Each structure stands twice: as structure tokens, then as C-alpha cells.
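Visitor:
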Amino acid sequence: MANRTRRLLLASAALVAAAPALHAADTATIPGNVAAWVAVAPAIGTPSGSKAVAIVVHMALRHRDELKQVADEVSKPGSPMYGHYLTPSTFRSEFAPAAEDAAAVAAMLNRAGMSEITVGPANAYVSALATVGQLRSAFGVTQKTYRYGAMALRANREAPRVPAAMAGKILYIEGLDDTTFLKQPLHRSVTVGAAIAPANVAGATVTPPPVAASNPSPYCDTYFGDLKATLSTKPGVYDKTMPWLICGYTPAQVQAAYGFDKVKYDGAGVTVAFIDAYASPTLQADGNKYAKNHDLPSLTAANFKQIIPTGIYDVPAAQVTNAYGWWEEQSLDLAAIHGSAPGASIVYVGSTDNGVALTVALLNTIYNKQADIITNSYGNGGEAVPAADVAMEDQAFMTAAAEGITVLFSSGDDGDLSQLNGVASGSWEATSAYVTGVGGTSLGVKNAAGNKIEYGWGNYRDLLADATVNSSTSITTSGLTTTTAYGLTFADFTFYSGSGGGISLLEAQPAYQATLVSSALATTLNEASGDTVTLPTPMRVSPDVAMVGDPYTGYLFGETFTIAGSKLADSGCTKSTATTEYCENDIGGTSLSSPLMAGTVAVLNQARLARGKAVVGFANPLFYSIGMGTATNYKAGALNAITPPTTATAVLRGYAADLNEVRVVTINSVPTLIITAPFALQVCSAKICEGLDDVFNDTSPGYNDVTGLGVPYLPNLVKE
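Each residue of the sequence shown is one higher than the one before, starting from 90 at the first, in the working numbering.
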């Protein structure tokens with residue numbers, strides 16, 4: 090019971106501890122500003138009082154209940170208000186915080202000695218640069234460093250106190266802890282290695298790109314199954330003859346798979362924004378090389394712009410490795426949006442890091458209404474965020490809905506999260522009731538016509554034992570590598586990656602999910618230990634929809650790297666300058682799924698505008714009202730259900746660095762016996778358990794917590 094309580098605490102909304110010092114009558118406590126993880130994290134140190142910290146004081150919107158009602162009504166098909174969105178000026182006059190309240194907060198921060206104080210659009214927030222010492226004195230909180238997983242994070246254990254006049258007006262003080270730095274990009278590459286900085290990174294005005302580190306498979310499929318290898322020994326329950334992984338789909342292949350090529354719309358007249366931390370200095374140049382290689386329109390001032398802070402290209406040395414991961418994300422996002430909706434205008438919104446600056450970038454994009462669609466390819470890896478953070482972001486997402494902006498979030502790349510967090514759940518922000526969470530699939534495009542197979546994304550991997558690769562079509566092997574435990578011998582399959590999704594412990598079930606999401610999914614909390622808790626009320630479940638995300642059936646994208654000087658590491662690259670090269674490699678993750686869905690909504694919006702209809706705005710009520718097409722015919726409906734394969738399915742992945750190293754990678758199927766160490770042995774009753782993503786999520790018929798309602802087919806979707 091103690092362990093279960095601990096895990097529930099980590100996943101639940103934040104607890105608020107009593108403030109230890111300030112109790113003056115002229116101050117008030119701001120609830121929900123303590124992260125739940127702090128209650129169970131050991132303190133390991135005390136940060137220096139002079140340590141610089143960026144903070145954002147988020148203001149509570151006025152008349153939030155009325156705003157929620159507006160957001161619901163303008164988003165609900167069949168409502169008299171459907172599509173009658175608020176203008177930004179109407180939102181500001183009716184719901185934005187008062188200018189004098191934001192000014193009072195700015196004055197409060199100034200009196201505390203903070204600097205770089207800025208009032209955000211619509212008076213939604215006030216940002217500042219502070220020190221740890223100033224946070225302690227200004228808000229009456231402690232500041233300690235805590236061990237959270239493998240990270241050392243600064244946090245407060247007490248609810249902050251502010252002048253009593255600000256009670257009910259300040260919602261959340263972001264930056265009192267480091268929780269926001271848990272946000273990470275959600276892409277997976279199986280060919281590009283870890284990003285390494287070149288030797289000359291220190292002191293550079295513009296941070297140079299990472300050193301190329303490719304390790305591709307010597308064999309791969311252009312179309313699913315067009316190149317297969319026969320193994321001398323059958324690998325367990327999997328076929329003796331198996332396809333290799335996909336080389337990386339082109340935009341044309343993905344367009345054919347989802348029917349983009351079968352409609353006359355390309356997203357023209359619609360603006361899509363994507364938000365990430367940092368900013369790749371070669372993003373537009375890479376995007377144009379990619380466009381030229383794949384017959385897409387050039388990116389010019391007419392269809393592409395970047396909104397980024399000054400000095401962002403000179404990354405502090407301590408942040409370079411982190412920045413490289415986000416640069417890769419930006420290149421992927423741009424390639425996916427442009428490749429799926431080549432007529433759309435695209436805006437990149439960057440931030441100086443993945444802390445409060447990332448939140449500011451998101452809020453600025455919403456409150457300044459800089460796009461019709463916003464795609465976000467990052468997440469928290471669970472829901473261990475302060476309750477006030479949830480309230481702050483939800484009010485922004487409600488604002489987006491009220492103004493007709495579609496907000497998309499990737500659902501995650503680590504399956505049900507049970508092995509990481511102890512409980513199976515979705516991941517914030519994809520679990521917000523006012524965003525569209527986008528899950529991932531494994532996509533097998535069979536030919537140029539777009540004929541395909543498609544399953545929920547969930548990869549387990551095992552090496553072939555005693556392998557000798559004779560050719561692309563022949564491998565000598567003694568079978569899979571095995572382990573003996575519990576008196577049993579079974580293959581060494583381990584979970585690698587899969588579509589995130591599952592129940593939320595932060596958000597109640599929204600009305601649009603009540604009919605199609607089963608009670609079991611909405612009320613069952615599964616723990617890694619095998620225990621099950623039934624929740625008293627239905628909760629939000631993510632994702633809502635899905636598109637390709639499996640990196641083994643991934644997508645080509647292009648990025649600039651520093652030349653490594655190794656034929657292997659530099660494979661797939663073309664020299665650009667004396668020190669850099671442009672490389673195209675395959676990639677996946679729900680970071681691919683979300684921008685592809687953004688392109689999908691852009692095409693849908695263009696079609697709706699052409700018929701005199703309003704743009705989609707918050708898409709979930711429409712998507713759930715559409716329902717699901719049959720899983721046996723991906724052309725049957727506008728959204729088509731995803732179910733498991735009927736037989737054990739896997740692909741082969743080779744390694745150019747060692748031609749005799751080969752993995753068997755499962756496609757949406759779990760071997761009969763696996764160890765979920767250090768928790769339990771997973772035993773399946775059948776010889777293969779199809780549809781499981783990690784341990785608890787599955788692709789049962791109907792809505793599921795891996796792929797949601799399913800995947801779009803554009804010829805039918807544009808009719809909605």
C-alpha cells in the first residue's frame with residue numbers, strides 16, 4: 090500500500106504544503122504552486138542565493154467559467170455557436186486580466202529587485218529575471234535541490250505568498266521550481282546517434298551544428314516488404330522471412346498513405362505554427378534543401394517566418410547538447426508540416442531554453458493569435474506538474490478554442506509510462522481536455538498508390554544470435570538471444586519505444602469522450618506492479634488521433650551537421666561548406682505524428698473555407714462526432730480505427746558498423762514472456778500478445794489509448 094500511495098502521489102495533481110514563515114494579514118497564499126514530486130523527492134542540496142532564475146507570474150483570466158462555456162459552444166458541432174469564434178479584441182475586453190493588475194505584479198517584482206520585467210500579451214503574464222534569494226524573500230518559499238529520477242531539480246515545498254490584493258488574480262508562479270525543464274522533444278531516430286559538439290563550439294558567435302553520427306542499416310525497404318531476408322532459424326513466433334525496416338518515407342509516400350494526394354487542397358491560406366526550444370541557425374536553409382529534394386515549394390518570406398529571441402543562435406556551452414536535440418526536432422517539424430501541407434504558411438516560434446521561455450513562446454503564439462494551428466512536439470513524460478500549471482495552460486488552451494485555434498500535442502514516445510513512473514498514464518500537455526493529443530502508428534506503405542498496413546506503434550527488440558548476414562536476402566543465425574529466469578527460457582526482447590497515451594489523473598473526462606471511450610479506459614489506473622485502482626469518476630484519456638510515429642517505419646528529414654570525416658558517420662550527407670554537410674535520415678516519434686496532423690488540419694481548414702465554413706478550431710469535438718471508420722478499410726471513414734495485426738509482425742534492423750549485427754524489432758506485438766524489471770514478469774496467454782504498447786496500453790477495437798480514434802483519410806475528412 091505504501092508503494093502504491095507513493096506512485097499515485099507522483100502522478101496526481103500537486104499537493105500544497107503550508108508556508109513556514111510569512112503569515113502576515115496583508116499576504117495571501119497562492120494554491121497549487123507546489124509540484125507533487127517534491128513530497129517524495131529527497132533534498133540533496135541548497136542552491137546559491139545568487140543563482141539566476143527566470144520566472145513568469147501567470148495571471149488568472151477573468152470570467153473563466155464563461156470563457157469555458159464559450160470555448161465549448163464554438164467548438165461543438167450542432168451548437169448554434171459552432172464556428173462563431175471570438176476575435177482577439179473581444180477576448181481581451183471580456184476575459185483578459187486587467188492592465189492595472191499586471192502592472193501591480195510588475196511593480197511587486199521590481200520592488201523585490203528583479204530585472205527584465207515584461208508584461209505579456211493580453212496581460213496574461215509578467216516575466217522577470219530573479220535570483221534564488223529574491224524568490225525566497227519575495228514569495229516566502231524555501232529553495233532546495235532535490236533528486237528526481239536521474240535529475241537534480243530546484244523546488245519549493247511551500248505555497249508562495251503574495252500581497253492580499255493579488256489573491257485570485259495571480260494563478261501560477263512558474264520558475265519557483267525546475268519542473269518545466271522536464272519538457273523534452275518527442276522524436277526517435279534509429280540511425281542518427283547521440284549529438285556531439287565539435288571542438289570549436291566554445292566562443293562561437295553562432296553555435297556550430299553537431300558532428301554527424303549516422304549508423305544506418307545496410308539494407309532497408311523503400312516500400313514495406315519490398316526487400317526481405319530469410320533466416321536459417323525461425324526467430325521464435327516471428328516469420329522466418331521478414332522485411333527490413335523502412336529507409337525513411339518521403340513526403341509523397343506519406344501523402345499517398347493518408348490520401349493527401351487525392352484531394353485538391355494543400356493547406357493554402359492557413360497558417361501553422363510549431364513551437365520548440367532554441368533555434369537551429371540552418372533551419373530555413375535545411376528546409377529549402379529538403380523542399381528541393383522532394384519537389385516541395387521553396388520556403389520564402391511569403392510562406393515562412395521565424396519568431397525567435399535575439400542572441401538565440403549563441404547557445405551557452407552547458408546547454409549545447411540539449412539544444413542539439415531541439416534543433417533536430419525543429420528540422421523534423423518543418424519537414425513534416427511542409428511535406429503534408431505544402432501550401433500552408435509556416436511560423437517557427439523558438440525560445441532560449443526549455444524552461445519558462447518555452448511556456449512564454451506558447452502563450453505568445455496563442456494570445457497574439459499568430460497561427461490557425463499550433464503543433465507542439467514535446468511533453469513532460471507524465472503528469473508530475475503543479476496543479477496551477479495545469480490551470481494556467483488550460484485557460485490558454487480554452488482561449489485558443491474560443492478564438493478558433495487548433496492546438497496539437499504529441500502524446501509521447503515511451504508507451505504507457507508504467508516502467509518509468511510506476512503507473513500507466515498519459516503525458517501532460519497531451520492530456521489537457523482542450524488540446525488534441527496525437528499518438529503514433531507503425532505504417533507499412535506498400536506501393537506508390539498508398540496501399541498500406543497500419544498498426545499501433547510499439548517496438549520491442551532482440552538481437553539475432555550467432556548471426557552472419559550473407560546478403561540482403563539471407564541470414565544465418567541460431568535464433569534470438571535468450572534469457573533464463575523463473576525456470577523459463579525466453580527471448581531477450583526489451584521495450585524500446587511506442588506511442589504514449591492513457592488515463593489522466595489531472596483532467597476529468599470531457600463530454601466529447603463520454604460516448605466513445607470505454608469506462609474501463611477512463612476509470613482504470615494500472616500500476617507497474619500489476620495492481621489496479623478503479624477511480625471513482627471517469628477521466629480524460631489520450632491520445633485523440635494518430636499518424637505514423639514508429640522510427641522503424643519513419644520519415645525522411647534533413648538537417649545540417651558538422652562533417653565527421655567518417656564514411657559511416659557521414660552517410661546520407663552532401664557537403665555544404667568546408668566543415669558542414671546536409672544530411673537526410675529517417676526519424677520517428679509522436680514528434681512526427683503531431684506536425685503531420687497539423688498538416689492534415691491545415692488541408693481540412695482550406696477545404697472548409699472553400700465551402701464557406703469556419704476553420705476547425707478546437708478539433709476534438711468534431712473528431713469525436715465524426716466517429717470511426719472500419720479498421721479493415723482505411724478508406725472507409727474520415728478517421729479510421731487502428732487494430733492489432735493478426736499475426737506476429739516484425740522487421741529487421743541491421744548496422745553498417747557491424748554487418749553481422751541484426752535486431753528483430755516487433756511491430757505492435759509483444760513476445761509471450763518479457764521481464765518488466767524491476768517490477769514483474771509479463772506473461773501472455775497467447776503465443777504472441779498483439780496490440781500491447783509497453784505493458785498496459787493496447788489497440789483493442791474502437792477507441793484505444795495508443796491511437797485514439799485512429800488515422801485520417803483526407804478524401805473523406807475534407808468533406809466534414
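We put the beta carbon where it would ideally sit given N, CA and C, even for glycine. Everything numeric in this text was worked out from a predicted model, so none of it was measured.
Quick one, which of Asp502, Gly515, Val524 has its alpha-carbon nearest Val496's?
Guide: Of the listed residues, the one whose Cα sits closest to Val496 is Val524.
Visitor: By the three-class DSSP mapping on this structure, what secondary structure does Leu260 have?
Guide: strand
Visitor: What would DSSP say about Met686, mapped onto helix, strand or coil?
Guide: Correct three-state label for Met686: helix.
Visitor: Taking only runs that begin and end inside the region 596 to 657, name each unbroken beta strand (DSSP E) of 3 or more residues, in chain order.
Guide: 613 to 615, 621 to 623, 628 to 631, 634 to 637, 644 to 651
Visitor: When the Cα of Met331 is compared with those of Asp310, Met255, Tyr744, which residue comes out closest?
Guide: Residue Asp310 is the option with its Cα nearest to Met331.
Visitor: Could you tell me if Val622 is buried or exposed, where buried requires 16 or more neighbouring beta carbons within 10 angstroms of its beta carbon?
Guide: exposed
Visitor: Taking its Cβ as the centre, do 16 or more other Cβ atoms sit within 10 Å of Gly661, making it buried, or is it exposed?
Guide: buried
Visitor: Out of curiosity, what's the CA-to-CA distance linking Asp403 and Trp416?
Guide: 13 Å
Visitor: Only counting runs of 3 or more residues, tell me where the beta strand (DSSP E) segments fall wholly within the region 414 to 497, in order along the chain.
Guide: If we require 3 residues or more, the beta strand (DSSP E) runs fully inside the region 414 to 497 come out as 434 to 438, 462 to 465.
Visitor: My output table needs one value for Val807: the three-state DSSP class, helix, strand or coil.
Guide: In the structure shown, Val807 sits in coil (DSSP, three-state: anything other than H, G, I, E or B).
Visitor: Whose CA, out of His427, Lys329, Asp365, Tyr308, lies closest to the CA of Ala341?
Guide: Answer by Cα proximity: His427.
Visitor: Helix, strand or coil: how does DSSP classify Ala211 here?
Guide: Ala211 sits in a helix when the DSSP states are folded into three classes.
Visitor: Output the boundary residues of the beta strand (DSSP E) element that contains Ala727.
Guide: Where Ala727 is concerned, there is no enclosing beta strand (DSSP E), given that its DSSP letter is neither H nor E.
Visitor: Taking only three categories from DSSP, how would you classify Tyr744?
Guide: Tyr744 falls in the strand class under three-state DSSP.
Visitor: For the beta strand (DSSP E) holding Ala318, just list the boundary residues, first then last.
Guide: 317 to 320
Visitor: I want to see whether chain B comes within less than 8 Å of Glu596, judged by CB atoms only; does it?
Guide: The question asks about chain B, but that chain is absent: this structure has only one protein chain.
Visitor: Tell me where the alpha helix (DSSP H) around Tyr544 begins and ends.
Guide: From DSSP, Tyr544 is part of no alpha helix (DSSP H) but of the beta strand (DSSP E) over 541 to 545.
Visitor: Taking all protein chains shown into account, decide if Lys541 is buried (16 or more other Cβ within 10 angstroms of its Cβ) or exposed.
Guide: Burial is judged here by how many other beta carbons sit within 10 angstroms of a residue's own beta carbon; Lys541 has at least 16 and is buried.
Visitor: Is it buried or exposed, Thr721, if we count other Cβ atoms within 10 angstroms and call 16 or more buried?
Guide: Within a 10 Å sphere around the beta-carbon of Thr721 sit fewer than 16 other beta-carbons, which makes this residue exposed.
Visitor: For Gly718, which residues does DSSP report across the bridge?
Guide: Asn729
Visitor: Given a cut-off of 8 Å on the beta-carbon distance, is the pair Gly799 and Ser789 in contact?
Guide: Taking 8 Å as the Cβ cut-off, Gly799 and Ser789 do not qualify as a contacting pair.
Visitor: Would you mind giving the Cβ-Cβ distance between Ala691 and Gly282, rounded to the nearest angstrom? I have them listed as a contact below 8 Å.
Guide: About 33 Å; that fails the 8 Å criterion.
Visitor: Name, in chain order, the residues that DSSP records as bridge partners for Pro801.
Guide: Leu728
Visitor: List the residues that DSSP assigns as beta-bridge partners of Thr573.
Guide: In the DSSP assignment, Thr573 is bridged to Thr578.
Visitor: For the region 114 to 174, list the beta strand (DSSP E) runs that are entirely contained and at least 3 residues long, ordered along the chain.
Guide: 116 to 118, 132 to 134, 141 to 148
Visitor: For the region 545 to 564 against the region 482 to 492, do three or more pairs of beta-carbon atoms, one drawn from each stretch, fall closer than 8 Å, so that the two count as touching?
Guide: no
Visitor: Would you grab the beta carbon distance between Leu803 and Lys351 for me? Rounded to a whole angstrom, and I think it's under 8 Å.
Guide: With a Cβ gap of about 7 Å, Leu803 and Lys351 count as contacting.
Visitor: How should Asn805 be labelled, buried or exposed, when 16 other C-beta atoms within 10 angstroms of its C-beta is the threshold for buried?
Guide: buried
Visitor: So does the region 221 to 231 actually touch the region 198 to 207, counting three or more Cβ pairs closer than 8 Å?
Guide: Yes, the region 221 to 231 touches the region 198 to 207.
Visitor: Measuring straight from C-alpha to C-alpha, what distance separates Ala213 and Leu685?
Guide: 30 Å
Visitor: Which residues in the same chain as Ala766 place their Cβ atom closer than 6 Å to its Cβ, once the five residues preceding and following it in sequence are excluded?
Guide: Summary for Ala766: the model assigns pLDDT 45, below 50, so the residue's position carries little reliability; its value from the coordinates is reported in the next sentence. There are no such residues.
Visitor: If you reduce the DSSP assignment to three classes, tell me which class Gln395 lands in.
Guide: strand
Visitor: Grab the span of the alpha helix (DSSP H) containing Tyr347 for me, first residue to last.
Guide: 340 to 347
Visitor: Quick one: what's Ala217 bridged to in DSSP?
Guide: Ile144
Visitor: Measure from the alpha carbon of Ile119 to the alpha carbon of each residue in Val279, Lys353, Ala149, Glu616, then state which is nearest.
Guide: Ala149
Visitor: Have a look at Phe646, Val145, Leu218 and flag the residue whose alpha-carbon is nearest the alpha-carbon of Ala191.
Guide: Val145
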